[in-house]
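Please read the structure below before turning to the comments.
There are 2 protein chains.
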Amino acid sequence: MSKKHNFSAGPCILPQEVLKKASESILNFNNDNLSLIEISHRSKPFVDVMDKAINLVKELLEVPEGYSVLFLQGGASLEFLMVPFNLMKEGGKAAYTNTGAWAKKAITESKQFGEIIVVGDSSDNNYNYIPKGYEIPADVDYFHCTSNNTIYGTQMKEFPEVSSLIVCDMSSDIFSRKVDVSKFDLIYAGAQKNMGPAGTTLVIVKDEILGKTGRTIPTMLDYNTHISKDSMFNTPPVFAIYVSMLTLEWLKNHGGVEWIEEVNNRKAAMLYSEIDRNPLFEGTAEKEDRSNMNVTFLLKDSEKEEVFNQMCFSTGINGLKGHRSVGGYRASMYNALPLESVDVLVNVMKNLENN
Amino acid sequence: MSKKHNFSAGPCILPQEVLKKASESILNFNNDNLSLIEISHRSKPFVDVMDKAINLVKELLEVPEGYSVLFLQGGASLEFLMVPFNLMKEGGKAAYTNTGAWAKKAITESKQFGEIIVVGDSSDNNYNYIPKGYEIPADVDYFHCTSNNTIYGTQMKEFPEVSSLIVCDMSSDIFSRKVDVSKFDLIYAGAQKNMGPAGTTLVIVKDEILGKTGRTIPTMLDYNTHISKDSMFNTPPVFAIYVSMLTLEWLKNHGGVEWIEEVNNRKAAMLYSEIDRNPLFEGTAEKEDRSNMNVTFLLKDSEKEEVFNQMCFSTGINGLKGHRSVGGYRASMYNALPLESVDVLVNVMKNLENN
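Chains as they are written, first to last, in this note's numbering: chain A, 615 to 969; chain B, 615 to 969.
What follows is the structure, encoded as structure tokens:
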């Protein structure tokens with residue numbers, strides 16, 4: 615069977631060597647003749663995995679002292695609820711940017727807790743740009759933004775200076791580029807893009823911001839619960855955390871975030887150049903806000919789609935269909951996607967032009 | 615390396631053929647040359663997995679019409695919160711049994727929502743029995759119980775007749791014995807005992823009981839959210855659901871719940887007989903409430919522990935250490951544990967006596 619080039623938007627491609635080790639661990643983990651998924655999460659081999667995963671996050675992202683790293687469940691969708699529960703004061707308010715479907719869900723969820731001020735909003739143009747130049751009131755409990763919008767192919771290149779706390783949903787671009795964690799108070803990310811399989815959520819939170827709202831927070835929704843139990847308050851999603859650990863190890867061994875940022879820049883440059891050069895295609899996101907993770911584009915003549923789809927299929931290109939709310943195509947180029955796959959796609963685009 | 619006999623309390627033993635298929639799926643799922651964990655959860659191959667898993671639950675447990683089957687995240691611990699959020703009216707009350715550490719956590723969580731009446735409580739004797747003969751007030755919004763208590767080795771053999779709704783945490787004995795689902799309004803269970811790996815939670819809920827509390831329920835905590843999206847409101851824990859599907863398929867192919875109940879009865883009879891016969895050992899739970907899943911016992915002479923531990927180790931017996939709150943030993947004999955492993959343990963116990 616031909617090699618696949620996996621441009622899936624998430625869950626998405628993971629490094630082959632990670633998949634190999636993950637597969638082995640299901641049969642025999644730690645050379646112990648037991649499967650990873652049939653041992654106690656409190657056994658030393660798994661506690662070591664958890665510690666290693668947490669330390670790799672700290673090392674790769676240069677997480678400063680005073681922050682906790684958590685592996686939780688429920689995806690970014692549960693964070694949309696946990697963030698206001700933990701950070702918005704009774705009768706408080708928060709500022710959000712509305713940059714896409716996920717940001718909108720975060721806004722909806724937070725409205726149960728207080729006043730929400732949408733300070734930047736790109737819904738007027740189907741979220742094809744990142745709002746800028748907005749003002750964030752100084753008296754909000756926190757400012758919330760989404761760093762990368764998978765559906766629309768936009769990405770924040772800079773983060774605003776704020777006087778309040780700043781919270782960021784980095785689900786779809788964490789570990790893809792250098793970020794100064796010290797400028798954030800809380801970062802969260804579903805694992806299933808650059809970190810691992812679906813089933814766990816990474817949270818990086820500055821300890822001192824917690825416990826200040828006066829709210830009664832349900833046990834499982836309180837970050838302090840999970841901090842005090844090292845993410846083992848209840849049975850953690852063992853497999854998802856193990857594979858995340860392997861993926862972070864892979865990233866470290868290849869040169870870390872600095873290395874992958876350069877690779878990601880090269881991949882993005884290759885594909886965006888072709889989109890801009892090739893008269894058959896056009897990008898859908900504003901150029902200055904283009905995402906390095908998710909490249910959204912259209913065939914100007916939609917009648918050519920059938921041929922293009924067939925050419926993609928026959929070269930092993932997978933997961934290129936755009937989200938239904940944007941249409942066209944979306945090439946997701948997460949960390950594990952090799953340059954070679956981008957090259958294959960670019961060649962198919964050239965071939966379509968030449969035929 | 616010698617074969618392991620895995621008595622781990624959870625995450626626990628899964629069938630070898632399930633582990634083999636799970637391992638293969640990480641490298642090449644569905645013969646598509648892609649890993650299970652790098653494809654979209656909305657792709658047909660995974661939607662098929664989800665459908666199959668739901669249908670297997672319905673078939674194996676004979677779930678009646680009018681119930682929904684959900685695969686969620688957050689474990690039983692998040693259900694402790696979701697149950698009162700969805701079922702307890704504003705200013706309402708609920709009845710709980712306190713049969714162990716997990717029941718106690720469920721009680722603690724529910725207290726934020728209304729009046730909690732503990733109708734049966736075995737904490738007076740370190741939870742070594744199941745309370746019976748209690749009365750459940752007719753005006754509670756629901757009655758909540760825990761069917762099996764892993765730490766203490768007790769199990770409800772019968773469920774009370776109630777006039778209110780009845781909710782049961784079946785995390786540690788679901789799929790181990792016949793249960794009349796029609797008698798329950800809501801059943802939940804963390805996957806990591808008889809169903810699959812850690813990382814997903816099974817919920818079986820009678821649709822008509824929902825949406826009646828007058829509460830505003832956060833999106834992710836509202837069962838109706840997940841019902842309306844077929845457990846795909848957000849990215850599901852793909853791997854945990856796939857392995858659950860495989861495990862349920864294994865159960866069905868071997869004869870279903872009726873078959874495994876008989877096997878489980880035989881395993882329990884073998885081990886409890888030896889505990890009662892062998893003068894060196896004693897069980898810790900009341901005989902009539904003994905669990906078929908978790909067998910808790912002590913060496914009367916604790917000085918023999920070192921020798922016994924060594925004998926267990928050298929025969930490949932794993933995970934036999936009792937929970938710190940009970941001490942001694944705990945042999946967890948979930949569905950996938952073969953009779954052979956129980957035989958090995960019983961022989962070690964006999965050998966200890968004969969030496």
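Every residue, glycine too, gets a C-beta built ideally from N, C-alpha and C.
Neighbour-count burial assignment, residue i, 16 or more Cβ in a 10 Å radius
i, result
"arginine 938 (chain B)", "exposed"
"proline 751 (chain A)", "exposed"
"arginine 580 (chain A)", "Examination of residue 580 (chain A) is not possible in this model, given that chain A is present from 615 through 969 alone."
"alanine 883 (chain A)", "exposed"
"valine 962 (chain A)", "buried"
"lysine 826 (chain B)", "exposed"
"glutamate 704 (chain B)", "exposed"
"serine 691 (chain A)", "buried"
"valine 758 (chain A)", "First, the residue type needs correcting, since residue 758 (chain A) is histidine and not valine in the sequence shown. By the neighbour-count rule (16 or more Cβ atoms within 10 Å), histidine 758 (chain A) is buried."
"lysine 719 (chain A)", "buried"
"glycine 869 (chain B)", "exposed"
"asparagine 645 (chain A)", "exposed"
"glycine 828 (chain B)", "exposed"
"threonine 760 (chain B)", "buried"
"arginine 944 (chain B)", "buried"
"glycine 689 (chain A)", "buried"
"threonine 713 (chain B)", "buried"
Own chain residues within Cβ distance below 6 Å of residue i, not counting five before or after
i, result
"serine 970 (chain B)", "Any answer about residue 970 (chain B) is impossible in this case: the structure gives chain B only from 615 up to 969."
"serine 905 (chain A)", "Asn762, Gly767, Thr768, Gln769"
"asparagine 932 (chain A)", "Lys618, Asn620"
"asparagine 800 (chain A)", "The amino acid occupying residue 800 (chain A) in the given sequence is leucine; asparagine does not appear at that position. The answer, listed in chain order, is Val781, Val819."
"leucine 835 (chain A)", "Met696, Phe699"
"alanine 803 (chain A)", "Met784, Ser785, Ile788, Leu816"
"serine 777 (chain B)", "Ala752"
"threonine 839 (chain A)", "Thr833, Phe847"
"valine 813 (chain A)", "The sequence shown places glycine at residue 813 (chain A), not valine. Only Pro851, Ala854 meet the Cβ criterion."
"glycine 734 (chain B)", "Thr711, Pro745, Tyr748"
"leucine 675 (chain A)", "Val795"
"glycine 930 (chain B)", "Ser616, Lys617, Lys618, His619"
"alanine 715 (chain A)", "Ile765"
"aspartate 755 (chain B)", "Leu701, Met702, Lys703, Gly706, Ala708"
"serine 736 (chain A)", "Thr713, Tyr743, Pro745"
Neighbourhood of residue i by C-beta distance below 8 Å, restricted to the same chain and skipping five residues each side
i, result
"asparagine 878 (chain B)", "Ser790, Arg791, Asn906, Met907, Met947, Asn949"
"glutamate 900 (chain A)", "Asn742, Tyr743, Ile744, Thr768"
Cut-off 7 Å between Cβ atoms - residues of its own chain near residue i, not counting five sequence neighbours on either side
i, result
"tryptophan 864 (chain B)", "Pro629, Glu631, Val632"
"threonine 898 (chain B)", "Asn742, Gly767, Thr910, Phe911, Leu912, Val940, Gly942"
"valine 960 (chain B)", "Met884, Leu885, Glu888"
"alanine 667 (chain A)", "Phe685, Ile855, Ser858, Met859, Leu862"
"glycine 936 (chain A)", "Thr910, Gly942, Tyr943, Arg944"
"proline 625 (chain B)", "Gln806, Pro811, Ala812"
"aspartate 650 (chain B)", "Strictly speaking, residue 650 (chain B) in this sequence is leucine, with aspartate absent from that position. Closer than 7 Å at the Cβ level, and outside the excluded window around leucine 650 (chain B), lie Ser639, Ile640, Phe643, Val852, Phe853, Tyr856."
The stretch 738-750 of chain A contacting the stretch 848-862 of chain B, beta-carbon criterion three pairs below 8 Å: Because the criterion of three Cβ pairs below 8 Å is not met, the stretch 738-750 of chain A and the stretch 848-862 of chain B do not touch.
Beta strand (DSSP E) runs contained entirely in the stretch 744-789 of chain A, provided each spans 3 or more residues: 756-760, 779-783, all fully within the stretch 744-789 of chain A.
Where the stretch 714-726 of chain B meets chain A: residues whose CB sits under 8 Å from a CB there: Cβ contacts with chain A come from Lys719, Thr722, Glu723, Gln726.
Uninterrupted beta strand (DSSP E) stretches inside the stretch 660-714 of chain B (no shorter than 3 residues): Runs of the beta strand (DSSP E) spanning 3 or more residues and lying entirely within the stretch 660-714 of chain B occur at 681-686, 707-712, in chain order.
The stretch 726-733 of chain A / the stretch 704-711 of chain A touching (three or more Cβ pairs under 8 Å): Contact holds: three or more Cβ-Cβ distances are below 8 Å.
Inside the stretch 831-916 of chain B only - beta strand (DSSP E) runs reaching at least 3 residues: Runs of the beta strand (DSSP E) inside the stretch 831-916 of chain B: 895-897, 908-913.
Residues of the stretch 632-651 of chain A whose Cβ lies closer than 9 Å to any Cβ of chain B, in chain order: Taking 9 Å as the Cβ-Cβ cut-off against chain B, the residues of the stretch 632-651 of chain A that qualify are Leu633, Lys634, Ala636, Ser637, Glu638, Ser639, Ile640, Leu641, Asn642, Asn645, Asp646, Asn647, Leu648, Ser649, Leu650, Ile651.
Residues within the stretch 777-795 of chain B neighbouring chain A, beta-carbon criterion of under 9 Å: Going along the stretch 777-795 of chain B in chain order, one finds no residue with a Cβ nearer than 9 Å to chain A.
Members of the stretch 846-862 of chain B that neighbour chain A once the beta carbon cut-off is set at 8 Å: Residues passing the 8 Å Cβ filter: Phe847, Asn848, Thr849, Pro850, Pro851, Val852, Phe853, Ala854, Val857.
Residues from the stretch 822-847 of chain B in contact with chain A, defined by Cβ distance under 8 Å: Cβ contacts with chain A come from Thr830, Pro832, Thr833, Met834, Leu835, Phe847.
At least three beta-carbon pairs within less than 8 Å, the stretch 777-788 of chain B to the stretch 953-961 of chain A: No, because fewer than three Cβ pairs between the stretch 777-788 of chain B and the stretch 953-961 of chain A fall closer than 8 Å, the two stretches do not touch.
contact_flag[the stretch 910-925 of chain A, the stretch 887-896 of chain A] where n(CB pairs < 8 Å) is 3 or more: Yes: at least three Cβ pairs fall under 8 Å.
Cβ-based contacts, 9 Å cut-off: residues of the stretch 920-935 of chain A near chain B: Of all residues in the stretch 920-935 of chain A, Gly930, Asn932, Gly933 have a Cβ within less than 9 Å of some Cβ in chain B.
Selection of the stretch 688-701 of chain A by Cβ proximity to chain B, strictly under 8 Å: For the stretch 688-701 of chain A, the beta-carbon criterion of a distance under 8 Å to any beta-carbon of chain B is satisfied by Gly688, Gly689, Ala690, Ser691, Leu692, Phe694, Leu695.
Any alpha helix (DSSP H) of 4 or more consecutive residues that is wholly inside the stretch 624-648 of chain B: Listed in chain order, they are 630-641.
Where the stretch 653-678 of chain A meets chain B: residues whose CB sits under 7 Å from a CB there: Cβ contacts with chain B: Ile653, Ser654, His655.
Chain B contacts from the stretch 764-775 of chain A (Cβ-Cβ distance under 9 Å): Listed by position along the chain: nothing, the set is empty.
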